[in-house]
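Student: Dropping the structure in here first, questions after.
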Amino acid sequence: MDFRAIEEKWQKKWAESGAFEADPAAGRKKFYLTAAFPYPNSPQHIGHARTYTTTDAYARFKRMNGFNVLFPMGFHVTGTPVLAMAKRVAEADPEIVSIFKNIYKIPEDVIPTLNEPVKLVDYFSKEIELGMKEMGFSIDWRRKFYTYDPEFNKFIEWQFHKLKEKGYLSTGAHPVPWCPKDDNAVGAHDTQGDIDPEIDEMVLIKFPLKDPPDESVLCATFRPETIYGVTNLWVNPEAEYALIELDKNNYWVSSEAAESLTLQFPQLRKLKERKGGEFLGKTALNPVTGAAVPILPASFVAPEMGSGAVMSVPAHAPYDYLALRDLERAQKQYAIPQPIQVLKLDGFGDFPAKEIVERMKIAGQSDAKAEEATEEIYSREAHTGVMVAGKYAGTRGAEAKEKIKADLVSECKAIVIHEIINGPVKCRCGARACVKMVEGQWFINYNDEAWKAQTRKELAEMSIVPGKARADYEYTVGWLKEKACTRARGLGTKFPFDRTKVIESLSDSTIYMAFYTVAHRAKKLGAQKLTPEFFDYIFLGAGSAKKAAEGAGIAESDLSAIRSEFLYWYPLDSRHSGADLIHNHLTFFLFNHAAIFPEELWPKQIATNGFVLMEGSKMSKSLGNILPLRAAIRKYGADIVRFSVVSGAELGADSDFNQAMADGVSSRLKWMASLIEENCARKGEGAQKKAIDAWLLSRLHRRIRKITRDFASLMLREITQEAFYASINDLKWYFRHTEGNRETLSEFYRAWVLLMAPFAPHACEELWEKMGEKGFVSAAAWPEADESRISAEAELANEIVEKTAEDIAHIMKLTGKKPSAIRLFAASPWKRKLYSIARNEKKFDLAMKKAMEDPEIKARAKQAGKALQLLIKDFGGLKPSVPSQEEEMRALSDGAGFLEKEFSAKVEVSGEGAEASPEARARAEKAMPLKPSILLE
RNA sequence: GCGGGGGUGCCGGAGCCAGGAAAACGGGGGAGGCUUAAGACCUCCUGCCCAAGGGCUACGCAGGUUCAAAUCCUGCCCCCCGCACCA
Numbered sequence: 005m006d007f008r009a010i011e012e013k014w015q016k017k018w019a020e021s022g023a024f025e026a027d028p029a030a031g032r033k034k035f036y037l038t039a040a041f042p043y044p045n046s047p048q049h050i051g052h053a054r055t056y057t058t059t060d061a062y063a064r065f066k067r068m069n070g071f072n073v074l075f076p077m078g079f080h081v082t083g084t085p086v087l088a089m090a091k092r093v094a095e096a097d098p099e100i101v102s103i104f105k106n107i108y109k110i111p112e113d114v115i116p117t118l119n120e121p122v123k124l125v126d127y128f129s130k131e132i133e134l135g136m137k138e139m140g141f142s143i144d145w146r147r148k149f150y151t152y153d154p155e156f157n158k159f160i161e162w163q164f165h166k167l168k169e170k171g172y173l174s175t176g177a178h179p180v181p182w183c184p185k186d187d188n189a190v191g192a193h194d195t196q197g198d199i200d201p202e203i204d205e206m207v208l209i210k211f212p213l214k215d216p217p218d219e220s221v222l223c224a225t226f227r228p229e230t231i232y233g234v235t236n237l238w239v240n241p242e243a244e245y246a247l248i249e250l251d252k253n254n255y256w257v258s259s260e261a262a263e264s265l266t267l268q269f270p271q272l273r274k275l276k277e278r279k280g281g282e283f284l285g286k287t288a289l290n291p292v293t294g295a296a297v298p299i300l301p302a303s304f305v306a307p308e309m310g311s312g313a314v315m316s317v318p319a320h321a322p323y324d325y326l327a328l329r330d331l332e333r334a335q336k337q338y339a340i341p342q343p344i345q346v347l348k349l350d351g352f353g354d355f356p357a358k359e360i361v362e363r364m365k366i367a368g369q370s371d372a373k374a375e376e377a378t379e380e381i382y383s384r385e386a387h388t389g390v391m392v393a394g395k396y397a398g399t400r401g402a403e404a405k406e407k408i409k410a411d412l413v414s415e416c417k418a419i420v421i422h423e424i425i426n427g428p429v430k431c432r433c434g435a436r437a438c439v440k441m442v443e444g445q446w447f448i449n450y451n452d453e454a455w456k457a458q459t460r461k462e463l464a465e466m467s468i469v470p471g472k473a474r475a476d477y478e479y480t481v482g483w484l485k486e487k488a489c490t491r492a493r494g495l496g497t498k499f500p501f502d503r504t505k506v507i508e509s510l511s512d513s514t515i516y517m518a519f520y521t522v523a524h525r526a527k528k529l530g531a532q533k534l535t536p537e538f539f540d541y542i543f544l545g546a547g548s549a550k551k552a553a554e555g556a557g558i559a560e561s562d563l564s565a566i567r568s569e570f571l572y573w574y575p576l577d578s579r580h581s582g583a584d585l586i587h588n589h590l591t592f593f594l595f596n597h598a599a600i601f602p603e604e605l606w607p608k609q610i611a612t613n614g615f616v617l618m619e620g621s622k623m624s625k626s627l628g629n630i631l632p633l634r635a636a637i638r639k640y641g642a643d644i645v646r647f648s649v650v651s652g653a654e655l656g657a658d659s660d661f662n663q664a665m666a667d668g669v670s671s672r673l674k675w676m677a678s679l680i681e682e683n684c685a686r687k688g689e690g691a692q693k694k695a696i697d698a699w700l701l702s703r704l705h706r707r708i709r710k711i712t713r714d715f716a717s718l719m720l721r722e723i724t725q726e727a728f729y730a731s732i733n734d735l736k737w738y739f740r741h742t743e744g745n746r747e748t749l750s751e752f753y754r755a756w757v758l759l760m761a762p763f764a765p766h767a768c769e770e771l772w773e774k775m776g777e778k779g780f781v782s783a784a785a786w787p788e789a790d791e792s793r794i795s796a797e798a799e800l801a802n803e804i805v806e807k808t809a810e811d812i813a814h815i816m817k818l819t820g821k822k823p824s825a826i827r828l829f830a831a832s833p834w835k836r837k838l839y840s841i842a843r844n845e846k847k848f849d850l851a852m853k854k855a856m857e858d859p860e861i862k863a864r865a866k867q868a869g870k871a872l873q874l875l876i877k878d879f880g881g882l883k884p885s886v887p888s889q890e891e892e893m894r895a896l897s898d899g900a901g902f903l904e905k906e907f908s909a910k911v912e913v914s915g916e917g918a919e920a921s922p923e924a925r926a927r928a929e930k931a932m933p934l935k936p937s938i939l940l941e
């Protein structure tokens, strides 16, 4: 079977016939599902294929179940990453060129042409679309749009008007990572090494100098509660310091800090500069305790961090302790102060910093282990430490920290700044990223309690797959606060209330599923005609239809047709994405639907999936193990890739893609295809029907029933196990018994092709056609489980034969005997009675008592006792009912031909008690229900 | 720290919610078959012991409940993910 040729053939046929273009059809039940649209800043890899294949298999399943299925796709181009990437291409950044060339195999002459955001987006979106088509995704491409399309912009503007009307938008100041050189906000994609700058609050405590008293040193700290333990201040003697004026106060900070702090305090003015060394030996005053503390030199103080000066708490800060120890060893000029305890920490004495430094044998302040020690002590003191100094003595470290911080600020003894805490983070231009307070920042108020309540209601009513993820959504709904929703640059939609800003990317992709339903209509009308009244009417049925129709320049009847089109598809039946979007996009999706749409149009389900691993490890650019989707298709074929990415694990878990597994899928698929082709070409009826035919069909229908049920909760791994591996193993077992009956096989193959069609649609279309079926298998009816074919008896009969065969093989192996004849004895009827007594009574003595009431059993009390012991021991494994001796003999006789073939020996079946010799008798007595005794001769 | 998920053979992982033959299914490894050979394919084996289908050991650790615990309960240890304004 030539997978690639077949794929092309059917993709062409689907496209030509518009097989997946979905329009409203009166009276026909619909199913509308979407997957998170891709961000085209690079080609997609097999990891992306998982979400889309999951969605597509589900779409195909629903379609085969008679639903009118809509599965659209678009492209998300909003935001700054494409800007950064195009810029890097324009500058021929060797790293990005290498990734494009070596990982994504982009032709070398193409790479330099991707030097503008729009060109980049255009190239990659086409690449992604092609890949999706090559995967055979049943997408209605007529509805495709980009988030910078003017029609979409109008839609997003409308959305933000709605949010504003509801009072969900606000403005304020907001700290963002900033590059002072580029004068721009920086995200992870703008930094060297793709480091995401993390911002946290830092406290700058004012330590007035003894002389002159109107100047203070600002000391930066994350632990204001340790103010009681300050023994001295640290400055870096090599650094430059500046006296700044801020809100009528004069402070000393490092010159670097003076620069970066202007981003947070534009009113700040620099007065004069001085070398750090000049402070040494001076004295400052602790603003809380009033203690006089000396200013000492330390090399670990980074001038660019915080204010470039810090307070020293040697009892609790390993760096401070180390710097003091270093200083003591280096000179005799300064007196070395003694540590002062602030917190009590279990497992430590009065000075935890000193202890950990000694325990870890840290050499000095430049030893890398100092960082580790700091983290350990900080974390433990915050969570388990208890204050022993100051007015909050007795409270926990973390609690005291917040209280003392608030006190210092309200008493004007400290100011709060924001700092990048995982720094230094460098912008790609080389400058160090700082924090800027952006004024006039717009927010979406996800902290609104009434809104949260609505969202919780929506969530409670919807289906979450896998169910385990529900707690994640609940938690996220709870902790979401104001979300900054605009940025200074990027592709997308201009913010309607401040056109100098662009709506940020996670905020313009929350209700776009509604837009798909009318995207092709909107495009035809053109952006100018898409007035707020138009959207009000078609999405909410609000306002005047007449006015909306006039604005759109269409007849009222056409407008209401668009409205009905939306109402036909909405609400969304299933939303699909990677599980990583739960904490942002998917929860925003819930919030925005709750805010804008009436309850009956809220989404019904969200399904999220884990990642795809490559040969057991996470795909990453640095490992170079990213498998681009189109390369995978060329290597394995679309059906193999599709099957592999969804069959490896259930949705909630990460799934591994590996060569061995793909090869296994490929060879099995080829084997099935060749069998089906052979069966089609077959003349005559083949072998006669036997017990095993009924067994095969029983198993088949049982599987159909299970698969159909499992689709409701998208248990794709379970489904693929059943439909593929387990079914194929059944078939192999069947062929060990018989050459195959044509009618049985035809029924089996037809159902198998239908069951596999959602996963391997190309091969299944081809086989469907070969079987002489009309139309697309993609549009064929899903098979129904025929309950009358499901036979527990047939399956049990086979199980007896199978187990017996295993036992025979085991005995042969142990004894090394190669029998010429095998005699099987089915257990006597009285043992079957004993079996059910054992099962009902559960305990030996009770069961024995009960058994003795039966004269037939009582007559063989000794033998029965032994048999009962065996049964009770295995109590948990006893079946609710066992076949009669005759039934068991029939099952064994049906399987006799098979056993004869397997063991090349004559097989004779009889009931226990029919044996001739005493030797045979002794053997036969061991027979138990479902476990015939075996005599090898 | 907070929230979530998870520790089962050589590996990936079923089984846990609804306690009752643990290791399904897929890999990897081994033996044999087919084949000129390789590959593909087929059969068997892959915790330990076993000369008649048997026995013993095992689901992170330690307890508990139960006739019966991977599964339920308690405590502990360890690993992974998220904690944003970024797609």
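Count the first sequence with this note's numbering and you get residues 5 to 941, in order.
The beta-carbon is built from N, C-alpha and C at its ideal position, and this holds for glycine as well.
Given the structure is predicted, the values throughout are model-derived calculations rather than measurements.
1. Starting from A549, trace the alpha helix (DSSP H) in both directions and tell me its first and last residue.
2. Using a Cβ-Cβ cut-off of 8 Å (strictly less than) and excluding sequence neighbours within five positions of K625, which residues of its own chain qualify?
3. Could you pull the start and end residues of the alpha helix (DSSP H) that N844 belongs to?
4. By how many angstroms is the C-alpha of T82 removed from the C-alpha of Q196?
5. Roughly how many whole angstroms lie between the Cα atoms of A262 and P298?
6. For the putative contact between K978 and I507, defined by C-beta atoms under 8 Å, what is the C-beta separation to the nearest angstrom?
7. Report the residue from K33, F149 and A565 whose alpha carbon sits nearest the alpha carbon of G530.
8. Can you tell me the Cβ-Cβ gap for L585 and E462, rounded? I've got them flagged as a contact below 8 Å.
9. To the nearest angstrom, how far is the alpha carbon of D411 from that of W238?
10. Considering only residues of the segment 217 to 291, which uninterrupted alpha helix (DSSP H) runs meet the minimum length of 4 residues and lie entirely inside it, listed in chain order?
11. Provide the residue(s) that pair with N613 in DSSP beta bridges, ordered along the chain.
12. To the nearest angstrom, report how far apart E554 and F543 are at their CA atoms.
13. Please state the DSSP three-state secondary structure of I100.
14. Looking at R707 and the ligand SAH, is the gap between the Cβ and the nearest heavy atom below 7 Å?
15. Ordered along the chain, which non-local residues of its own chain (more than five positions away) have a Cβ less than 7 Å from that of H320?
16. If you follow the alpha helix (DSSP H) that A39 is in, where does it begin and where does it stop?
17. With H, G and I counted as helix, E and B as strand and the rest as coil, what does DSSP make of D144?
18. Among K935, A61, N157 and V913, which one has its Cα closest to the Cα of S532?
19. Under 8 Å, do S742 and V650 count as touching if we go by C-beta distance?
20. Run through the segment 346 to 434 for me and flag every whole beta strand (DSSP E) of 3 or more residues, listed as ranges in chain order.
21. With a 10 Å radius around its C-beta and 16 neighbouring C-beta atoms as the bar for buried, classify A497 as buried or exposed.
22. Taking the beta carbon of M814 as the centre, do at least 16 other beta carbons fall within 10 Å, making it buried, or is it exposed?
23. Spatial neighbours of M4 within its chain, please: CB distance less than 7 Å, with the 5 preceding and 5 following residues excluded, ordered by chain position.
24. For the beta strand (DSSP E) holding C183, just list the boundary residues, first then last.
25. By a C-beta neighbour count over all protein chains shown, 10 Å radius and 16 as the cutoff for buried, is W606 buried or exposed?
26. Mapping the DSSP letters down to three states, classify C489 as helix, strand or coil.
27. Pick from G294, P291 and E362: whose alpha carbon is nearest that of L326?
28. Secondary structure at K622, three-state DSSP: helix, strand or coil?
29. How big is the Cα-Cα spacing for P787 and F763?
30. Among L495, D350, V469 and A457, which has the Cα closest to the Cα of W483?
31. Are the CB atoms of I861 and L838 nearer to each other than 8 Å?
32. Is the separation between the beta-carbon of A798 and that of W699 shorter than 8 Å?
33. Compute the distance between the beta-carbons of Y36 and L576, then report whether it is under 8 Å.
34. By alpha-carbon positions, which one of S885, A727 and D540 ends up nearest to R754?
35. Is the segment 433 to 445 in contact with the segment 184 to 199, if contact means three or more CB pairs nearer than 8 Å?
36. Give me, in chain order, the residues of the same chain whose beta-carbon lies closer than 8 Å to that of Y516; leave out the 5 immediate sequence neighbours on both sides.
Tutor: Concretely, from the data shown:
1. Looking at the DSSP string, the run of the alpha helix (DSSP H) that includes A549 is A549 to A556.
2. Cβ within range, chain order: I103 and I107.
3. N844 -> alpha helix (DSSP H) spans P833 to E845.
4. Their Cα atoms are separated by approximately 22 Å.
5. In a straight line, the C-alpha of A262 is about 23 Å away from that of P298.
6. Nothing can be reported for residue 978: it is not among the residues displayed for the chain, which extend from 5 to 941.
7. Of K33, F149 and A565, the residue nearest in Cα terms is F149.
8. A Cβ-Cβ separation of about 17 Å leaves L585 out of contact with E462 under the 8 Å criterion.
9. D411 and W238 have their C-alpha atoms some 23 Å from each other.
10. Runs of the alpha helix (DSSP H) inside the segment 217 to 291: 259 to 265.
11. For N613, the pairing in a beta bridge is given by DSSP as G582.
12. The C-alpha of F543 is placed about 17 Å away from the C-alpha of E554.
13. In this structure, I100 counts as helix in the three-state DSSP scheme.
14. The ligand SAH is absent from the structure shown, which contains no ligand whatsoever.
15. Cβ neighbours of H320 beyond the five flanking positions: T230, G233, V346, L347, P356, A357, I381 and E385.
16. Where A39 is concerned, there is no enclosing alpha helix (DSSP H), although the beta strand (DSSP E) it sits in stretches over K34 to A39.
17. Three-state result, D144: coil.
18. At residue 532 the sequence reads Gln, which differs from the Ser that was named. Selected option, being the one with the closest Cα: N157.
19. In the sequence on display, residue 742 carries Thr and not Ser. It is not a contact, given that the beta carbons lie outside the stated cut-off.
20. List check, beta strand (DSSP E) in window: 418 to 424.
21. Residue identity differs from the one stated: residue 497 is Thr in this sequence, not Ala. T497 should be labelled buried.
22. With the sequence shown as reference, residue 814 is identified as His, and Met is not the correct amino acid for it. Its Cβ having fewer than 16 others within 10 Å, H814 is exposed.
23. Residue 4 is absent from the model: the chain starts at 5 and stops at 941.
24. Here the beta strand (DSSP E) through C183 covers L173 to C183.
25. W606 is classed as buried because its beta carbon has at least 16 other beta carbons within 10 Å across all chains shown.
26. Coil.
27. Minimum Cα distance to L326 is reached at E362.
28. For K622, the secondary structure class from DSSP, reduced to helix, strand or coil, is strand.
29. Taking the straight line from one Cα to the other gives about 15 Å.
30. The shortest Cα separation from W483 among L495, D350, V469 and A457 belongs to A457.
31. Yes. Within cutoff.
32. Contact flag set, yes.
33. Cβ distance < 8 Å, so Y36 and L576 count as in contact.
34. Here the closest residue by C-alpha is A727.
35. They touch, by the three-pair rule.
36. Residues of the same chain with a CB within less than 8 Å of the CB of Y516, apart from the 5 flanking positions on each side, are F41, G78, T151, F156 and F159 in chain order.
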